[in-house]
Amino acid sequence: EADLIHYWRLNEAYGEYIFDETDNTMGIVETAQWIQGIELEPVGNTNNQLPVIKTNLTNYPNPFNPATTISFSSNTETTEDTELIIYNLKGQKVKTLECSNSFAAASKKKTHSIIWNGTDQTGNPVSSGIYFAKLKTENQIISHKMLLMK
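According to the working numbering, the stretch in the sequence shown is residues 15 to 164, in order.
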């Protein structure tokens, strides 16, 4: 059936097994009662589906030395809560890029860019290696791998 989300098949001989067709799981029905003649409504909601959020995070150039432009585009508005954080390969936070003011000022824009100059939070240059840009928005978290070569 169209828009059907769940479908259960019962073993009518014993009435004690239930099989969920959506993810191939089995369960046991404890106190089942077989009643015929009841109209069932399909479970589904096609009118109030959540919007598909598409965000693309890139940097150019990659590999880079000494700086790179990190860009992201989204089909949703950017809020003041948007964060762009750089991590090293060990998962340690290297730098939080100040983006709240520039992103909030251009919240209607769908593409944003910020330059990372290859320094840590204290302004010291970081070593060559793999780094990750992690973008945290109101709706999702995505990351992108970058390579700094000196």
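Each residue gets a CB set at the ideal place from its N, CA and C atoms; glycine is no exception. Since the structure is predicted, the reported quantities are computational estimates derived from the model, not experimental observations.
Pick from GLN135, ILE84 and THR69: whose alpha carbon is nearest that of PHE146? Here residue 146 corresponds to residue number 132 of the sequence shown, with the count starting at 1. Selected option, being the one with the closest Cα: ILE84.
What residues in its chain sit with their C-beta under 7 Å from that of ASN131, if we drop five residues either side in the sequence? Locating residue 131 in the sequence shown gives position 117, where the first residue counts as 1. Same-chain partners within the cutoff: PRO80 and ALA81.
Cα-Cα separation between ALA118 and LYS164, rounded to whole angstroms: What you label residue 118 is simply residue 104 of the sequence shown in a count that begins at 1. What you label residue 164 is simply residue 150 of the sequence shown in a count that begins at 1. Any reading at ALA118 must be qualified, since the residue scores a pLDDT of 49, below 50, and its modelled position is unreliable; no value is offered.
THR151 by DSSP, collapsed to three states: which one? As a position in the sequence shown, residue 151 is number 137, starting the count at 1. In the structure shown, THR151 sits in coil (DSSP, three-state: anything other than H, G, I, E or B).
Find out if the Cβ-Cβ distance for the pair PHE150, GLU97 is shorter than 8 Å. Residue mapping note: residue 150 aligns to position 136 of the sequence shown, counting from 1. Residue mapping note: residue 97 aligns to position 83 of the sequence shown, counting from 1. Phe is not the amino acid found at residue 150; the sequence shown has Lys there. Against a cut-off of 8 Å, the Cβ pair of GLU97 and LYS150 comes out as a contact.
Hey, LEU71 and ILE156 are a contact pair by Cβ (cut 8 Å); roughly how many whole angstroms apart? Sequence index remark: in the sequence shown, residue 71 carries index 57 (1-based). Sequence index remark: in the sequence shown, residue 156 carries index 142 (1-based). About 5 Å separates the two Cβ atoms, so the contact holds.
Can you pull the DSSP bridge partners for GLY143? Position 129 of the sequence shown, counted from the first residue, corresponds to residue 143. DSSP output for GLY143 lists LEU162 as bridge partner(s).
LYS109 and THR125 - do their beta-carbons sit closer together than 8 Å? Here residue 125 is taken as the residue at index 111 of the sequence shown, counted from 1. Here residue 109 is taken as the residue at index 95 of the sequence shown, counted from 1. With a cutoff of 8 Å on beta-carbon distance, THR125 and LYS109 are scored as not near each other.
How would you write the range of the beta strand (DSSP E) that PHE86 sits in, first residue to last? By 1-based counting over the sequence shown, the position of residue 86 is 72. Note, PHE86: beta strand (DSSP E), 82 to 88.
Where does TRP130 fall in DSSP's three states? Numbered from 1 along the sequence shown, position 116 holds the residue referred to as residue 130. DSSP places TRP130 in strand when its eight states are reduced to three.
Give a yes or no on whether the minimum CB-CB distance between THR125 and chain C is below 8 Å. The question asks about chain C, but that chain is absent: this structure has only one protein chain.
Comparing C-alpha positions only, which one of LEU162, GLU152 and LEU161 sits nearest to ASP95? Position 81 of the sequence shown, counted from the start, is the residue given in the question as residue 95. That would be GLU152, whose Cα lies nearest to the Cα of ASP95.
DSSP state of THR110 mapped onto helix, strand, coil: For the purposes of this step, residue 110 is taken as residue 96 along the sequence shown, with counting starting at 1. In the structure shown, THR110 sits in a strand (DSSP, three-state: E or B).
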